[in-house]
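Per this note's numbering, the very first residue in the sequence shown carries number 17; after that it's consecutive. Cβ atoms here follow ideal geometry from the backbone N, Cα and C, with glycine treated the same way. A short worksheet on the structure shown next.
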Amino acid sequence: MGEPWTTTYRLARQHGVTEWELRKAFDHPYRGMVRPGGIDPGDPDVRIGDALSIMTTDDVITGWAAARGHGVAHADGRDHRFRTQPVSIISTGGGQHRPQPGLAESRRTIHEHEICRIGEVRTATLVRAAYDMALDAPDLASAVAAIDMCVSTCVRQGRTTITNIAALMAQHVKTRGIVQARRALVLASTRSASPWESRTRCVAEVRGGLRGLQVNVPIFDRAGRLAGVADLLDHAAGFVIESDGAGHRTEARHAKDNIREEGLEVLGLFVVRVSAMDHRDERELASRLQRGRLHAAMRRVKPLWTTDQPAWWSGWEPGRRWD
């Protein structure tokens with residue numbers, strides 16, 4: 017878990033590294049700790065390794081770093097504005113760490129059954145890590161995205177369940193952030209494939225009032241051919257919301273998305289595309305989605321699409337992730 021680049025100054029000297037090399041060719045992430053220079057300090061595994069180097073035997077790593085250790089695909093330690101997030105630890109002993117950049121220490125209660133080991137590292141279970149991320153999230157959409165990514169069945173990864181998270185929440189009543197975490201759990205979905213899809217859904221449902229959106233729905237034409245998988249679908253209105261993810265698309269991806277979008281519109285669906293830039297003003301984004309839904313509902317078009325799965329779909333391996 018993490019990259020074991022970081023070690024103590026003393027241990028580096030014992031292994032033959034000279035003082036000149038330590039001054040000129042090594043980085044110093046924390047007092048008394050050294051790491052070979054040239055390694056990207058923003059890499060999530062390097063940041064986890066830095067945190068592990070100063071953890072004590074009483075500490076438990078949690079949050080995104082623990083989720084990454086459990087194999088959650090989108091646990092990269094960056095928020096929706098692409099800023100690095102600190103590595104979160106819970107101190108179960110009597111001591112505490114001095115404030116350190118890149119490290120967030122908590123003394124909130126954690127039960128023994130919420131702790132496991134990944135290798136030699138004391139780590140929160142995935143269900144506990146998801147809970148802590150929801151507690152610490154800066155806003156509701158981030159909390160929803162954190163839970164979604166830990167329960168998603170649309171990505172090949174380690175996962176837990178909404179039921180497990182709910183059971184854990186019931187054991188922690190008076191905790192800062194619990195109201196947000198509970199609300200996020202109600203909004204969570206096992207079908208989200210990326211944090212941006214989750215954030216867009218949260219804006220649409222909470223700010224925009226668009227209820228009952230279906231998540232990652234395969235759409236077919238009347239002949240049973242797959243037209244695409246809609247990120248979000250308002251079935252009654254024939255309204256599709258597509259999320260671009262990280263805010264930019266390669267030329268090849270852009271062309272492929274345009275072809276898919278045109279195919280959905282030919283079948284009578286109305287598509288609104290959302291990018292990361294749109295999330296900078298979520299009030300305006302919500303209004304735009306409301307207008308898109310209203311426009312879709314007012315059109316007089318014959319629907320040539322269906323969500324009924326043809327017989328071949330259940331036997332097609334790539335389609336199983338969307339079932």
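The beta strand (DSSP E) with residue i in it runs from where to where?
i: G65; result: No beta strand (DSSP E) contains G65, which is instead part of the alpha helix (DSSP H) from 60-70.
i: I235; result: 230-237
i: G140; result: Correcting the residue type first, residue 140 is Ala in the shown sequence and not Gly. Here the beta strand (DSSP E) through A140 covers 137-140.
i: R289; result: 286-290
i: R51; result: 49-52
i: V195; result: No beta strand (DSSP E) holds V195; the alpha helix (DSSP H) holding it covers 194-203.
i: T108; result: It is not in any beta strand (DSSP E) - T108 carries neither H nor E in the DSSP assignment.
Using DSSP with H/G/I as helix, E/B as strand and the rest coil, what is residue i?
i: I181; result: helix
i: C132; result: strand
i: P334; result: helix
i: T22; result: coil
i: A253; result: coil
i: S158; result: helix
i: R114; result: coil
i: S214; result: helix
i: R223; result: helix
i: R144; result: helix
i: A41; result: coil
i: R29; result: helix
i: V103; result: strand
i: I163; result: helix
i: G279; result: helix
i: R94; result: strand
i: A243; result: strand
i: D260; result: coil
i: D75; result: strand
Around the C-beta of residue i, are 16 or more other C-beta atoms found within 10 angstroms, so that it is buried, or is it exposed?
i: L201; result: buried
i: R307; result: exposed
i: G135; result: exposed
i: F98; result: exposed
i: N232; result: buried
i: W212; result: buried
i: S214; result: buried
i: E128; result: exposed
i: W321; result: buried
i: E300; result: exposed
i: S330; result: exposed
i: H264; result: Unreliable placement is indicated for H264, whose pLDDT of 49 sits below 50; the coordinate value is still reported in the next sentence. Exposed.
i: D66; result: buried
i: D297; result: exposed
i: P60; result: buried
i: H251; result: exposed
i: L160; result: First, the residue type needs correcting, since residue 160 is Val and not Leu in the sequence shown. That one is buried.
i: A186; result: exposed
i: V189; result: exposed
Do you know offhand how far residue i's Cα is from residue j's?
i: R198; j: L27; result: 45 Å
i: G53; j: Q30; result: 18 Å
i: C166; j: E35; result: 44 Å
i: L142; j: V290; result: 30 Å
i: V195; j: A91; result: 23 Å
i: Y147; j: I181; result: 7 Å
i: F42; j: I70; result: 17 Å
i: A183; j: S205; result: 16 Å
i: R207; j: T24; result: 44 Å
i: G58; j: T100; result: 7 Å
i: R337; j: R309; result: 27 Å
i: E333; j: T22; result: 42 Å
i: A246; j: D155; result: 26 Å
i: S259; j: V219; result: 12 Å
i: H44; j: A157; result: 35 Å
i: S104; j: R63; result: 11 Å
i: M149; j: A120; result: 12 Å
i: L305; j: S122; result: 38 Å
i: G228; j: D324; result: 18 Å
i: A145; j: D164; result: 12 Å
i: E221; j: V317; result: 25 Å
i: D339; j: Q230; result: 13 Å
Would residue i pass as an interface residue toward chain C - the criterion being a Cβ-Cβ separation below 8 Å?
i: T24; result: The structure shown contains no chain C, having only a single protein chain.
Which residue marks the beginning of the alpha helix (DSSP H) containing residue i, and which one marks its end?
i: E298; result: 298-314
i: A120; result: No alpha helix (DSSP H) contains A120, which is instead part of the beta strand (DSSP E) from 119-122.
i: K318; result: That residue, K318, is in no alpha helix (DSSP H); it is neither H nor E in DSSP.
i: R207; result: Looking at the DSSP string, R207 is not in any alpha helix (DSSP H), and its letter there is neither H nor E.
i: G85; result: 79-85
(request) Mind the definition here: the region 69-78 touches the region 276-290 only if three or more C-beta pairs lie below 8 Å; say whether that holds. (result) no
(request) State whether the region 162-176 contacts the region 106-124, with contact taken as three or more CB pairs (one from each stretch) at a distance under 8 Å. (result) no
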